[in-house]
Structure formats: structure tokens, C-alpha cells
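Chemist: Got a structure here, written out as C-alpha cells. Questions coming.
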Amino acid sequence: MKAHALLYAAFCTLATSRSLFADGDFPNTVNYTTFHDDTLTSSEPATAVTAADSKWDQAVLSGGNLWAGMYSDDRKASFLFKTDPHAHDPTIQSVQSVHDGDMYELFEKWGYNEDDAENAKIDKECDFDTYHKIKRAFDDLGIKTESKGNGGPNQCVNLDHHGGPKVVRDKDDNLPPVDQQKYIDDSCGKEYRVTGANFEFGVNGKDGMLTLINVISPGYSAQRLWQRKPASHELPHVRSISDVAWGFWNRAASGNLDNIKYLMVAMIMNEDTRSLIRQAHETLTPKRSETAVWPGFDFAMDTPAGQAILGSPVGRWAGYFLMQHKKQLGGNKYISKVKVFKPDVGSLPYVLFYADGHEPGPLPSPSPSPELQACAACETTDIHEDKSKVFDLLSTTILTLSTPQIANEGAALNSTFSSTNNGIG
């Protein structure tokens, strides 16, 4: 009872402070998966080392949280990750995403534009031989490399947050300039500005592969377009990489959603992630200084290196994708290992997460709380949050509850919990 009281108090405090960030709200941009984060401006070596170590530790913590959340059943995972701020009773919380299905209507509602002509233009980017030069990888995985336009299984899909059907046209029925485009949420009449965000994925439902190719997040794009930092309530409710990925996966693998086997990130240019990858290679025996061509190097998820890559700016979406769709995936799906490699031509690293599954037992099906049911139509209920601080505060309490599934994952997982439980701040 005391443990539950502590959990309740902690959740209420965090719900009030709203100090956590949605994974789509980080100041991230990707140009071929290039995320923009705050970068070091100091040239002092000591400062640089401290910052690098801090980013490594934070990535390990974030990846460890996601790993535990994927392994846990829905209710146990909800203790690690605070969900809807309107649901104050932790016993009915869920890590399930509030967004589901093919998302055609949701994308349109929130100002997005899908264009078959644009998809045709980027079709070449889903040829993993000619364009990506990673044919040997696909051969070993037993997947054809050709794009959909060339008769293959790999379809490129693009989503823009401008020029959509819901964007208000001018008196001549023409689209205004992007920085002046607005759309209206019909459920409550609230007006929003477009952000200029862009998502691009390669989807292969037959072979179970989902590839993140190009992303500019709504939060970062809005800051550039609007010339100011946007408030969370100004952004589209559907904005996280994992939610957008789920919509595209739902279309490609309808009727066989649990067939997800591989989540890949292509041509990583983000310097923070590349730094984490370099540090991960230094943990190998013998140490490595750079990424190797296929088959590259594998990193187990019960190691700091594997967790750092999962918790990196380009890796987190994969963990959320699996953790927040337990029900649709038939139970727990988790990342069993991550492989880092580079193409036969070029030096930019690729990250390949391997998705696996086990039987966690029946998942809870709690009824929505009265508070959640009464949510205003225009109130943001985004639950895609990197909640390392929640885990820091609650991990010791959580492990004293009835959590044999987490505890039995082995000494490595317990070591991860104890080594990352350093309190808030």
C-alpha cells in the first residue's frame, strides 16, 4: 500500500509539472535521419568530455527504460512511463498509443498531406541495392532489394505537414505560402498553423521491415518556419515518429501486424548518434573506431552499448513503436539486438533493430477512466514521452512490487536498473 501511495504521489507531481517531452517534441530534425540537438560550442576538452559522457549516460538510461518497457506487460510498463495526464489512477494507466489504424483520417485531420505523385518521385530511395548499396545485408535477411516501382516489396511513403486537404485556401481556392498556411480542427473549431514537418519511411509488410529514411519533426520545423519556439498545444496531436510509423505499418501489414521483424534507420548523419555509435564500438573487444561494412557489429540489448543506441536520437522511435502497440502486436514485442553497419559504398552508418517476441500472459484491458473519457476534444493527450525522470524516481519502488517478469530478465537488467537509478535531475 505504501508503495502504491508513493507511485500515485509521484505521478500526480509529474502530471502537474508537465516537465516531460514527447518524442515528437524534441528539437529534432532529420535530413536522411539527421536530428538537430543542442551542440557543444565550447572548445575546452574537459567540457566536451563531460558533455559526451552525459549524452552517453542519458542514452543508456533512455534505452534501458524502453527495453524494460518492451519486456514488461502493459500495466507494468505503465509504471515506468507515465501516460495520459488526465488519468490520475495509476492502476488503470496504459502505455498503449491513443492513435491506431491506418491513420488516413487522422493525418488529414491534423493538416498533413499525402501525395501519390510525391511517393512516386521518391520511389528510388526504396531501392536498397542501387540507392543504398546494402544488397548483401538484404540478401542475408532474405529480402528483395527492389522498390515498389520496380516490382519489389519496398514502398517509399511520404507525409508533409503543409498543403493538406484541411489547409484553408484563399478566396481563389489557392494554397497560401507555407508560412501562412492554417488548418482547423473541425471537432472544436481551433485553428492551427502548419509546421512544414516531413516524414519518409520505407515499408515492407511482406518481409516485416520498416525503415526510417527522412524526418523533420513538427517541433523543430515549426521553430524554423514560425521563427519562434512553438508551444506543445500549437502542434498537431499526431506528431511522433513512432505514431506516424505505425500508421504506415498498419496499411502495409494489415491483418499481419505482428510480422514486424526489423526496424532500420538509414544513412545516419546526426552527430550525437554517430558519437554514441563510436563509443559503442569502443566497448567491443578488440576496440573498434569506426563502423564496418555488412555484417557490421552486433550489440546485445542487455549491454550499455546496445541500450545507448536504442536510446539515441534516431533509435528511440523503434522502442516506442513496439512498446506502445502491445495489444495490436499480440503481446510483447521487444528489440533483441541491434546491428550497426555501413554500406559497401559510403560511410554513413545504418542501424538495424531486430524485433522479437515472447508470451507475456494476458494483457490487461482496463476501461478508460472518467477523467480520460471527459477529455476536451482539443486537449493534447500525446503519450509518447521519453520519461527517464519518471523511471529514475520510481524504479526502486517498482522493483518492490510484484514484477517477476522484469526481475527474472536477469542480473544484467537488474544491474541496469541500479546503475541508472540516480534520482531526478
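Those letters in the sequence shown? Residues -22 to -1, 1 to 403, per mature numbering (1 follows the signal peptide of the UniProt record, and there is no 0), in order.
Backbone N, C-alpha and C fix where the C-beta goes; we use that ideal spot for every residue, glycine too.
1. In this structure, does DSSP put R202 in helix, strand or coil?
2. Would you mind stating whether R206 and L44 have Cβ atoms separated by less than 8 angstroms?
3. For L262 and Y240, I'd like the C-alpha separation in whole angstroms.
4. Residues in its own chain within less than 6 angstroms of D157 by CB, not counting five upstream and five downstream?
5. Name the residue from G127, D107 and F85 whose alpha carbon lies nearest to the alpha carbon of D138.
6. I'd like to know if the segment 103 to 117 and the segment 313 to 322 are in contact, where contact means that at least 3 CB-CB pairs between them fall below 8 angstroms.
7. Could you tell me which residues DSSP puts in a beta bridge with C134?
8. Are the CB atoms of A296 and K311 within a distance shorter than 8 angstroms?
9. Relative to the C-alpha of P143, which candidate in P131, N237 and D163 has its C-alpha closest?
10. How far does the alpha helix (DSSP H) with T247 in it reach, from first residue to last?
11. At the level of alpha carbons, what is the spacing between H215 and N176?
12. Looking only at its own chain, which residues have a Cβ that is under 6 angstroms from the Cβ of F4, when we skip the five neighbours before and after it?
13. Near V145, which residues of its chain fall below 6 angstroms by C-beta distance, leaving aside the five closest residues on each side in sequence?
14. What first and last residue would you give for the beta strand (DSSP E) that runs through K317?
15. Just to confirm my understanding: we take P208, look at its own chain, exclude 5 residues before and 5 after, and list those with CB closer than 7 angstroms. What are they?
16. The beta strand (DSSP E) spanning D276 covers which residue range?
17. Do you know how far the Cα of P154 is from the Cα of N91?
18. Alpha carbon to alpha carbon, how far is D93 from N136?
19. State the start and end residues of the unbroken beta strand (DSSP E) segment that holds N192.
20. Spatial neighbours of G339 within its chain, please: C-beta separation below 7 angstroms, excluding the five flanking residues on both sides.
21. Determine, using beta carbons only, whether V318 and P327 come nearer to each other than 8 angstroms.
22. K99: which of I121, E178, E212 and D118 sits nearest, CA to CA?
23. For K160, does the three-state DSSP call read helix, strand or coil?
24. Does DSSP put V146 in a helix, in a strand, or in coil?
25. Which one or two residues does DSSP pair with D101 in a beta bridge?
26. Measuring alpha carbon to alpha carbon, tell me which residue in K87, K126 and L235 is nearest F106.
27. What does the Cβ neighbour count give for residue 421, buried or exposed, with the cut at 16 atoms within 10 Å?
28. A(-14) to N182, Cα distance in whole Å?
29. Shortest alpha-carbon distance to G180 belongs to which of N152, D148, V222 and Y170?
30. Taking the alpha helix (DSSP H) that E86 falls in, what are its first and last residues?
31. Assuming M187 and M242 make a contact with CB atoms under 8 angstroms, what is their CB distance in whole Å?
32. Quick check on DSSP: helix, strand or coil for S152?
33. Which partner residues of F331 appear in the DSSP bridge assignment?
34. Let's test the definition: count the other Cβ atoms within 10 Å of the Cβ of S40 and tell me whether it reaches 16, buried, or not, exposed.
35. When you compare only the Cα positions, how much space is there between Q133 and E83?
36. If V329 sits next to V292, beta carbons under 8 angstroms apart, how far is it from one beta carbon to the other, in whole angstroms?
Modeler: A quick look at the data gives this:
1. Reduced to three states, the DSSP call for R202 is helix.
2. No; because the gap between Cβ atoms is not below 8 angstroms, this pair is not in contact.
3. L262 and Y240 have their C-alpha atoms roughly 23 angstroms apart.
4. Counting only residues of its own chain and dropping the five nearest sequence neighbours on each side, D157 has a CB closer than 6 angstroms to the CB of L203.
5. Nearest option by C-alpha distance: F85.
6. Between the segment 103 to 117 and the segment 313 to 322, the count of C-beta pairs closer than 8 angstroms reaches three or more; the two stretches touch.
7. Residue pairing from DSSP places C134 in a beta bridge opposite G180.
8. No, they are not a contact pair.
9. For P143, the nearest C-alpha among the options comes from D163.
10. Just to set this straight, residue 247 is Met in the shown sequence, not Thr. Where M247 is concerned, there is no enclosing alpha helix (DSSP H), given that its DSSP letter is neither H nor E.
11. Those two C-alpha atoms are separated by around 15 angstroms.
12. Any reading at F4 must be qualified, since the residue scores a pLDDT of 32, below 50, and its modelled position is unreliable; no value is offered.
13. Same-chain partners within the cutoff: Q159 and Y161.
14. Here the beta strand (DSSP E) through K317 covers K311 to F319.
15. These residues qualify, in order along the chain: G197, A200 and Q201.
16. Its beta strand (DSSP E) spans residues F275 to A278.
17. Approximately 15 angstroms between the Cα atoms of the pair.
18. The alpha-carbon atoms of D93 and N136 are separated by roughly 7 angstroms.
19. Start and end: M187 to I194.
20. Bear in mind that a pLDDT of 39 at G339, under 50, signals an unreliable position, so the number given afterwards is only what the model happens to contain. Cβ neighbours of G339 beyond the five flanking positions: D51.
21. Yes.
22. Taking K99 as reference, the option from I121, E178, E212 and D118 with the minimal CA-CA separation is E178.
23. Correct three-state label for K160: strand.
24. In the structure shown, V146 sits in coil (DSSP, three-state: anything other than H, G, I, E or B).
25. D101 has no beta-bridge partner at all, per DSSP.
26. Among K87, K126 and L235, the Cα nearest to that of F106 belongs to K126.
27. As displayed, the chain neither begins before -22 nor continues past 403, which places residue 421 out of reach and without an answer.
28. Because A(-14) carries a pLDDT of 36, less than 50, the predicted location of this residue cannot be relied on, and no value is offered for it.
29. Nearest C-alpha to G180 among N152, D148, V222 and Y170: V222.
30. Residue range Y82 to K87 is occupied by the alpha helix (DSSP H) that includes E86.
31. So it is a contact: roughly 7 angstroms between Cβ atoms.
32. Inspection of the sequence shows that residue 152 is occupied by Asn rather than by Ser. DSSP, reduced to helix, strand and coil, places N152 outside both helices and strands of the structure shown, so it counts as coil.
33. According to DSSP, F331 bridges with L241 and V316.
34. Under this definition S40 is a buried residue.
35. Annotation: Q133 to E83 spans about 21 angstroms, alpha carbon to alpha carbon.
36. Taking 8 angstroms as the upper bound for CB-CB distance, V329 and V292 are in contact here, some 7 angstroms apart.
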